[in-house]
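Taken in order, the sequence shown gives residues 1 to 454; the numbers are from full-length UniProt numbering.
For glycine and all other residues, C-beta sits at the position ideal for the given N, C-alpha and C.
Please read the structure below before turning to the comments.
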Amino acid sequence: MAQIFNPNKSGKNRKHKSLAKQLPDFVAKVESYDPEGKGIIRTESGRIAFVTGALVGEVVKVRPITYNEKIIKGETLKVIEPSPKRVTPQCAHFDVCGGCQLQYMQPEHQTEAKQLALNTLFQKQLGLTDIPWQQPIVGSDWHYRRTARLSIWFDSDTSFRLGFKQKKSKQIVDVAQCPILVQSLTDLLPSLKELIQSLDNRRAITHVQMYALDNGDTVIFRVIESIKNEDKERLSQFAKQSNINIMLQHNEHEFEQISALNGTSGTELEYQMQNCRFQFSPEDFIQVNSQVNQQMVAQALQWLEPNKDDIVLDLFSGVGNFTLPLALKAKQVFAVEGVNNMVLRLQKNAELNQIDNISAHQADLSKLVLKYKPKWLKPIDKLLLDPARDGAFDVVQKIPLLAPKKILYVSCNPSTMVRDIKELQQSGYKLSKLGLLNMFPHTAHIEAMALLET
């Protein structure tokens, strides 16, 4: 998950000052968007203003918040001439909750704005004039998120807030409903708060993790001290009444099953896709948007075209989200992941699905081909990589040594993606396809997929 572009995140050489008494509010027309969905205005003073809550074409009244010699950062006080693409946010908490940024923008326009920002980034950084855009992958606009982590804050022994962080604050918004969560999870919120209120040792709870998965909905309570048996019984009864799984998380790696649905056991969570079952633990990463994830994997297979003669290398493989579907079509898949527990999980998932052509390995991916080539790594035909926000610059520098004919790059940070693709271009690879993955509607976050070929 990533914002399209966030240059100079550390803030160096960008000193901003508070403008509460120094710059007056002003009225102006929004010209375009920045890569985070903020409206861009060129002011009469020559500064460029980046304004939250404003749409292209709108005339808005802006309150400056900070500035330097060239830039103003502000917020929309009033929309004087609204855009036809402005809509009323569906969430009652939108004005204060920090989870979403773009609910005032039509969903279709969100996709357009994100693709335009990505297009500008690729043109500027890669010098491309004709970018090979494919249809964007989109899912449901609402109730798409199958997992969420809620914080809990106690104002007193009897009063607490359960929800998400406020905008630009560490305070917690008390969330009664969330139109981003899948329906079963948002429906659970009111009764979940009542459950916590009923516990004797409620203050031991620091976070609540929720999942809506193929083997049932699961709620995990992160606790900092032991829970009494009476409270465990209350949790168990609630789980049975609500038809959910409940666990306690005592530390980073210790989970206790309180109540399990029929047919489930232990602390295994599971989702299904591409005729495969993917089991994972609560500490493992999975994609939060099931619909977009399924389309993303299907498109990866379509673009990469693995066949029974191909040897494929899957880097940053996780629990096997791409690995298992690739293995059903390829001769062999080498999967490499930096976290050993996820490698073990991938191996178990291969066994669970009776797939025997996967060779999974733990390795420091920054050194995998940079400093040595493992004996187990054979010449490959195709390569897929799905790195974290930092991208894979060390890896892509040496990918040409492996000489794959096709490279599929899935990104959660297009700014590092474009940097890495530029490096691959210099090694002779050409960008043949690029597509937007709208994994997080109503936010400034975006993912993208690119195909490069020799």
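The alpha carbon of A330 has as its nearest neighbour, out of D310, V343, L315, T323, the alpha carbon of D310. The Cβ-Cβ distance between A49 and V60 does not fall below 8 Å. Nearest in C-alpha terms to L304, of all of E108, A360, P404, is P404.
Here the alpha carbon of N243 sits roughly 40 Å from the alpha carbon of G53.
In this structure, K382 keeps its C-beta atom at 8 Å or more from the C-beta atom of P325. Residues of the same chain with a CB within less than 6 Å of the CB of L352, apart from the 5 flanking positions on each side, are R277 in chain order. For the options V319, R389, V27, L384, the alpha carbon positioned closest to that of A360 is the one of V319. Annotation for Q287: N293, M296, N321, M439 place their beta carbon closer than 8 Å to its own, counting only its chain and skipping 5 residues before and after. Take the alpha-carbon of S281 and the one of V182: they are about 20 Å apart. With fewer than 16 other Cβ atoms from the protein chains shown falling within 10 Å of its own Cβ, L401 counts as exposed. For E270, the CB contacts under 7 Å within the same chain, skipping 5 residues up- and downstream, are L213, D214, N215, R277, F278, Q279 in chain order. Taking the CA atoms as reference points, G39 sits about 39 Å from T454. Counted as a single uninterrupted DSSP element, the beta strand (DSSP E) harbouring H207 occupies residues 205–213. In this structure L248 does not touch D217 by the C-beta definition: roughly 16 Å separates them, more than the 8 Å allowed. For secondary structure counted as the beta strand (DSSP E) over 3 or more consecutive residues, the UniProt domain "TRAM" (17–78) holds these complete runs in sequence order: 26–29, 39–42, 48–52, 59–67. Taking all protein chains shown into account, T76 has 16 or more neighbouring C-beta atoms within 10 Å of its C-beta and is therefore buried.
DSSP, reduced to helix, strand and coil, places D420 within a helical segment of the structure shown. For K406, the secondary structure class from DSSP, reduced to helix, strand or coil, is strand. For K193, the CB contacts under 6 Å within the same chain, skipping 5 residues up- and downstream, are L162 in chain order. Residue state for L384 is assigned as strand, using DSSP reduced to three classes. Around the beta carbon of N275, a 10 Å sphere encloses fewer than 16 other beta carbons of the protein chains shown; the residue is thus reported as exposed. Per DSSP, the beta-bridge partners of V219 are M210, I246. Taken in chain order, the unbroken stretches of beta strand (DSSP E) that lie wholly in the stretch 239–315 and span 3 residues or more are 245–249, 255–259, 269–273, 276–280, 311–315. Between L408 and L431, the gap from beta carbon to beta carbon reaches 8 Å or more.
CA-to-CA, the gap between V138 and E112 works out to about 12 Å.
Pairing I180 with G99 gives a Cβ-Cβ distance under 8 Å.
Buried is the label assigned to V219, since at least 16 other Cβ atoms lie within 10 Å of its Cβ. In this structure, the beta-carbon distance from S83 to L102 does not fall below 8 Å.
In summary, D95 is exposed, with fewer than 16 beta-carbon neighbours lying within 10 Å of its beta-carbon over all protein chains present. Between P441 and P107, the CB-CB gap stays under 8 Å.
For K348, the uninterrupted alpha helix (DSSP H) segment begins and ends at 340–352.
By the Cβ-count criterion, E337 is buried, with 16 or more other Cβ atoms from all chains shown falling within 10 Å of its own Cβ. Relative to the Cα of E254, the nearest Cα in the group F238, F221, D231 belongs to F221.
For the pair D187 and R145, the Cα-to-Cα distance works out to about 13 Å.
For L126 against K406, the beta-carbon gap comes to about 18 Å, at or over 8 Å, which does not count as contact.
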